[in-house]
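Enquirer: Numbers in the numbering used here are just positions in the sequence shown, counted from 1, shifted up by 111. Quick reminder that beta carbons are idealized off the backbone N, C-alpha and C, glycines included. Since the model is a prediction, treat every value here as computed from it, not as a measurement.
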Amino acid sequence: MGLQVNPILPKFGAECSGLDITRPLSPEELKEVTDAMDKFGVCVYRDTGLTDEQHVEFSRNFGYLERVPAREGMKMRLPFRELFDASNLNLEGEITQDPAAIQYRKGDRLWHTDSAFMEKRTSYSLLLAHQVPGEGGETWFADTRTAYDDLPEDMKEFLEDKVGVNSLWWSRMKAGAEIAEEEIDARPKARHPLVHTHKGSGRKALFIAAHTMDIEGMDKDEGRSLIKQLIEHCTQPQYIFSVKWNAGDLVIWDNLCTMHRGGEFDYEHEKRDMRRTTVREGTEPHTMETGDDPFAELFSSTPKTVDIVGAREGGR
């Protein structure tokens, strides 16, 4: 029967079924998956039955998987470094009470693109639900290709050569963490064009979200005003939809043509166990090692207010 694809919006988002992604895929089946991603940007697979190992193996079809930064003696809740923990749980699987972890996760509720704060960008993110709250906790997605298409021509011309400056700690500050801008400036930043051509579709897309703090060559206030304006443009009702999760659901999104944000839920009383793999842009399928670990470098100088790793080590 092959992959069945049902659009959510006319040009954006699709519910996909008819393919068992717990097993190895043929080249033809894999092409069906990537064709759907190229066209719709976000694909939802319900009740997949994926284990942690199968989640990682399926994700390897799309390139090199980034790994959680490792520190000597650090304990991990999840069994593979390729699984980023997007939950509200501590190492024992209980709801975290750690202030740094709670503050860090608040940034996930801003419109963002995964790893835009890294020089090596993320293409696909694959998020699998293991346990979800009774109410809320949905994920919202925004279409940055159609939003770009609908910009006035003079704005498209203005943005053509503009470069955004991105910082993880900027988005955490915007979400309420006590981080001075001087601290942010002293830490790594990544520079990416605000407009690029999405390889899979040939369509132009905006690459901008909560991690974008400045625009090179622009006055800070003017640049930040424009960033805010563009995010608001991309997140108008005609460009967005939300996914309500059930345990076992997998959502794949392409960070190079989307933005997303988490929805609110009762963070202090309901468990939300979500696990994500992230694929490095431009890498070959089933690449196991690249000889670098940029996330470890980034998180080696985390501001104390959002230092999840340091808290787990007892370092705060």
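Which whole-angstrom value is the C-beta distance of D254 and Y350, which I expect to be below 8 Å?
Expert: 4 Å
Enquirer: With DSSP collapsed to three states, give me the class of V243.
Expert: coil
Enquirer: May I have the straight-line CA-CA distance separating L341 from I319, to the nearest angstrom?
Expert: 8 Å
Enquirer: If you follow the beta strand (DSSP E) that V390 is in, where does it begin and where does it stop?
Expert: For V390, the enclosing beta strand (DSSP E) covers residues 384–391.
Enquirer: Looking only at its chain, what residues have a beta carbon closer than 8 Å to the beta carbon of T159, apart from the 5 residues adjacent to it on each side?
Expert: Only I132, T133, L239, G359, D360, L361 meet the Cβ criterion.
Enquirer: Select from V153, W364, V144, V306 the residue whose C-alpha is nearest the C-alpha of P121.
Expert: V153
Enquirer: With C-beta atoms as the reference, is G276 less than 8 Å away from E327?
Expert: Note on residue identity: the sequence assigns Val, not Gly, to residue 276. In contact: V276 and E327 (Cβ atoms closer than 8 Å).
Enquirer: Measure the C-alpha to C-alpha separation of E230 and Y215 and round it to an integer number of angstroms.
Expert: For E230 and Y215, the distance between alpha carbons rounds to 21 Å.
Enquirer: Tell me the DSSP bridge mates of C127?
Expert: V116, Y156
Enquirer: Quick test of the definition: if touching needs 3 or more C-beta pairs under 8 Å, does the region 364–384 touch the region 203–223?
Expert: yes
Enquirer: Could you tell me which residues DSSP pairs with D62 in its beta bridges?
Expert: There is no way to answer for residue 62, as the model of the chain reaches only from 112 to 427.
Enquirer: Under the rule that 16 or more other beta-carbon atoms within 10 Å means buried, what is T398, buried or exposed?
Expert: With fewer than 16 Cβ atoms within 10 Å of its Cβ, T398 is classed as exposed.
Enquirer: Secondary structure at T255, three-state DSSP: helix, strand or coil?
Expert: helix
Enquirer: Could you pull the start and end residues of the alpha helix (DSSP H) that D272 belongs to?
Expert: Segment: none, D272 is in no alpha helix (DSSP H) and carries neither H nor E.
Enquirer: Ignore the nearest five residues each way along the sequence and tell me which others in K285's own chain have a CB closer than 8 Å to its CB.
Expert: G218, L221, A321
Enquirer: Look at the alpha carbon of E164 and the alpha carbon of D330, and state the distance between them as a whole number of angstroms.
Expert: 47 Å
Enquirer: Near F151, which residues of its chain fall below 7 Å by C-beta distance, leaving aside the five closest residues on each side in sequence?
Expert: P118, F123, G124, A125
Enquirer: One question on the structure: do G248 and G393 come within less than 8 Å of each other, judged by their Cβ atoms?
Expert: no
Enquirer: Can you tell me whether H166 is helix, strand or coil according to DSSP?
Expert: helix
Enquirer: Inspect the beta-carbon positions of G334 and D149 and report whether they are closer than 8 Å.
Expert: No, these two residues do not count as a Cβ contact at 8 Å.
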